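Residue numbers (our numbering): 50 to 300.
Quick look at the structure:
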């Protein structure tokens, strides 16, 4: 019976030593075959490994415990919010975000997409490096996509690691600044109708590119001095949008 226990003890010691070798840099066996013993694993603290200690003998069983220090790694950025808003009058997209803390934060990148799959860089904004105070950021996309588009915030550490915010969706109505001219064709005058009160400038050119009329926010335009023919009416809105409509003058 003692021989059987001795063999079992030897197998346990071998298993413990092999187990220690897999998880620690150094393995130490202490004890003898008659009085019990223990196997101790000593290693440098590692957040992904356990340093196990096996103690006891073949007659008394064993105890498994852990020794080691796990170092907590702080998150690079604690993002409080990331939002995208449409500035209605200017037809631009304003992006705002705030951080409660930053650690090793190199910069932010605002990205946008038409379909939510393919992304392009809009701008890079420097981060604070390391900060434990509330910080707010903002940026205005001067020339956003028309229709539905998507925005996200990419954060990059000094070591190159990245993380992303939740995706935000905006919808800039493509018909918001729809331009209508009536009557068209016209013989002596026509009226400009826009779908909102956004300021604009109007330029009328003939087919040779010569400007025959230019004004701001004019709703009624006389064509009495225009020769018969086709003209190009160009409306430039203050937000940067441009709408072009053909006008026919026939007297």
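All C-beta atoms in this analysis are idealised placements derived from N, C-alpha and C, irrespective of residue type, glycine included. All values derive from a computational prediction rather than experimental measurement.
Asked, Found
"Which value, in whole angstroms, describes the spacing of the CA atoms of residue 23 and residue 135?", "Residue coverage of the chain in this structure runs from 50 to 300, which leaves residue 23 outside it and unanswerable."
"Within 10 Å of its beta-carbon, does residue 293 have 16 or more other beta-carbons around it, so buried, or fewer, so exposed?", "exposed"
"Here's a check: name, in chain order, each residue in its chain whose Cβ is nearer than 6 angstroms to the Cβ of residue 283, leaving out the five neighbours to either side.", "252, 293"
"Return the CA-CA distance between residue 184 and residue 149, expressed in angstroms with no decimal places.", "7 angstroms"
"Just to check my reading of the structure: residue 145 and residue 160 have Cβ atoms closer than 8 angstroms, yes? What is that Cβ distance to the nearest angstrom?", "With 8 angstroms as the limit, residue 145 and residue 160 do not qualify as a contact, their Cβ atoms being about 16 angstroms apart."
"For residue 221, count the other beta carbons within 10 Å of its own beta carbon; 16 or more makes it buried, fewer makes it exposed. Which is it?", "buried"
"Beta strand (DSSP E) containing residue 143: first to last residue?", "141 to 162"
"Looking at C-alpha atoms only, which residue of 269, 268, 261, 267 is the closest neighbour of residue 281?", "261"
"Does DSSP classify residue 191 as helix, strand or coil?", "coil"
"Looking only at DSSP bridge pairs, what is residue 134 linked to?", "143"
"Any idea what DSSP makes of residue 122, helix, strand or coil?", "Note that residue 122 scores 49 on pLDDT, short of 50, meaning its location in the model is unreliable and no value can be drawn from it."
"Less than 8 angstroms separating the beta-carbons of residue 249 and residue 233?", "no"
"Smallest Cα separation from residue 257: which of 272, 278, 129?", "278"
"Please name the residue, chosen from 142, 130, 199, that lies closest to residue 189 on a Cα-to-Cα basis.", "142"
"Would you mind reading off the limits of the beta strand (DSSP E) that contains residue 46?", "Residue coverage of the chain in this structure runs from 50 to 300, which leaves residue 46 outside it and unanswerable."
"By Cβ distance, which residues of its chain are closer than 6 angstroms to residue 175, with the 5 residues on each side in sequence left out?", "156"
"Report the CB separation of residue 291 from residue 247 in whole angstroms; it is logged as a contact under 8 angstroms.", "Wrong, their Cβ atoms sit about 12 angstroms apart, outside the cutoff."
"Taking 8 angstroms as the threshold (C-beta atoms), are residue 237 and residue 273 in contact?", "yes"
"Are the Cβ atoms of residue 242 and residue 263 separated by less than 8 angstroms?", "no"
"Helix or strand or just coil, what does DSSP make of residue 174?", "strand"
"Look at the alpha carbon of residue 216 and the alpha carbon of residue 203, and state the distance between them as a whole number of angstroms.", "10 angstroms"
"Less than 7 angstroms between C-beta atoms, sequence neighbours within five positions excluded: which residues of the same chain meet that for residue 239?", "230, 231, 232, 233, 270, 272, 296"
"Mind checking which residues open and close the beta strand (DSSP E) that includes residue 278?", "278 to 286"
"From residue 182 to residue 194, what does the alpha carbon distance come to, in whole angstroms?", "34 angstroms"
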